[in-house]
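K.L.:
In our numbering, the protein residues as written are 2 to 171. Don't be surprised by glycine CBs; every beta carbon is placed ideally from N, CA and C. Sharing a structure, written as structure tokens. Questions coming.
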């Protein structure tokens, strides 16, 4: 997790990231969520036979990072991508973003984390397949490079893994 944070920081400070602000937010929010997933895993969450007690501070820090990721899903480009794929138009989009906000609030506050993770474990695969998986949309209309989009999809799969750990941890 620390290596990922340092590499991302070095790339940003070094001026090696030449993307629009909205794409930087997409990239960095997913990186933050992946770091949160590593922290959740390092906390001992999901281990059936724990040899040592779970680290609640690592888990709560990871949950905060997942909450930050959910908050950052509201760019203009994200809205357009969801509107192109979501039935119900603007009303359904607003309801989805309100749900993302409630899930972020649950992760940030530490209350109802398991229930929030279970809801997100259902929503996230759909978002990965329908929104991020539409490579033609992101490449053709938003000029996101193919391999960058593949990295974003891979990071979302890692985020899904962390959410599943939280959703099934007893």
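Rounded to whole angstroms, what is the Cα-Cα separation between residue 44 and residue 127?
P.N.:
On the chain shown, residue 44 is found 43 positions in, with the first residue counted as 1. On the chain shown, residue 127 is found 126 positions in, with the first residue counted as 1. The alpha-carbon atoms of residue 44 and residue 127 are separated by roughly 28 angstroms.
K.L.:
Is the region 73 to 91 close to the region 13 to 28, with three or more CB pairs under 8 angstroms?
P.N.:
With the cut-off at 8 angstroms, the region 73 to 91 and the region 13 to 28 touch.
K.L.:
Using a Cβ-Cβ cutoff of less than 6 angstroms, which residues in the same chain neighbour residue 168 once the five nearest sequence positions on both sides are dropped?
P.N.:
Sequence index remark: in the chain shown, residue 168 carries index 167 (1-based). 118, 119, 122.
K.L.:
Which runs of the beta strand (DSSP E) fall wholly inside the region 77 to 149 and span at least 3 residues, in chain order?
P.N.:
Whole beta strand (DSSP E) segments, 3+ residues: zero.
K.L.:
Between 72, 133, 112, which has its C-alpha nearest residue 100's C-alpha?
P.N.:
Stepping through the chain shown from its first residue, residue 100 is reached at position 99. Ranking the options by Cα distance to residue 100, first place goes to 72.
K.L.:
I need the DSSP call for residue 5, collapsed to helix, strand or coil.
P.N.:
Within the chain shown, the letter at position 4 stands for residue 5. If DSSP states are grouped into helix, strand and coil, residue 5 belongs with the helices.
K.L.:
Taking only three categories from DSSP, how would you classify residue 20?
P.N.:
Along the chain shown, read from residue 1 onward, the residue named residue 20 stands at position 19. Note: residue 20 maps to coil in three-state DSSP.
K.L.:
Report buried or exposed for residue 60, applying the criterion of at least 16 other Cβ atoms within 10 angstroms of its Cβ.
P.N.:
For this step, residue 60 is matched to residue 59 along the chain shown. By the 10 Å Cβ count, residue 60 comes out buried.
K.L.:
Considering only the beta carbon of each residue, do residue 153 and residue 86 sit closer than 7 angstroms?
P.N.:
Against the chain shown, residue 153 aligns to sequence position 152. Against the chain shown, residue 86 aligns to sequence position 85. It is not a contact, given that the beta carbons lie outside the stated cut-off.
K.L.:
Is it the case that the Cβ atoms of residue 46 and residue 133 are separated by a distance below 7 angstroms?
P.N.:
Here residue 46 corresponds to residue number 45 of the chain shown, with the count starting at 1. Here residue 133 corresponds to residue number 132 of the chain shown, with the count starting at 1. Contact flag unset, no.
K.L.:
When the distance is taken between beta carbons, is residue 2 closer than 7 angstroms to residue 1?
P.N.:
Given a span of 2 to 171 for the chain in the structure shown, any question on residue 1 remains unanswerable.
K.L.:
What residues in its chain sit with their C-beta under 7 angstroms from that of residue 159, if we drop five residues either side in the sequence?
P.N.:
Locating residue 159 in the chain shown gives position 158, where the first residue counts as 1. For residue 159, where only same-chain residues beyond five positions count, the Cβ hits under 7 angstroms are 35, 38.
K.L.:
Do the CB positions of residue 94 and residue 104 come within less than 7 angstroms of each other?
P.N.:
Mapped onto the chain shown, residue 94 falls at position 93. Mapped onto the chain shown, residue 104 falls at position 103. For residue 94 and residue 104, no; Cβs fall outside 7 angstroms.
K.L.:
For the alpha helix (DSSP H) that contains residue 61, what are its first and last residues?
P.N.:
Counting from 1 along the chain shown, the entry for residue 61 is found at position 60. Element bounds for residue 61: 57 to 72.
K.L.:
With C-beta atoms as the reference, is residue 125 less than 7 angstroms away from residue 161?
P.N.:
Position 124 of the chain shown, counted from the first residue, corresponds to residue 125. Position 160 of the chain shown, counted from the first residue, corresponds to residue 161. Contact flag set, yes.
K.L.:
My assumption, with CB atoms under 8 angstroms, is that residue 70 sits in contact with residue 33. Please give the rounded CB distance.
P.N.:
Reading the chain shown from its first residue, position 69 is the one you call residue 70. Reading the chain shown from its first residue, position 32 is the one you call residue 33. About 6 angstroms separates the two Cβ atoms, so the contact holds.
K.L.:
Taking only the alpha-carbon atoms, compute the straight-line gap between residue 6 and residue 166 and give it to the nearest angstrom.
P.N.:
Residue mapping note: residue 6 aligns to position 5 of the chain shown, counting from 1. Residue mapping note: residue 166 aligns to position 165 of the chain shown, counting from 1. Cα to Cα, residue 6 sits roughly 22 angstroms from residue 166.
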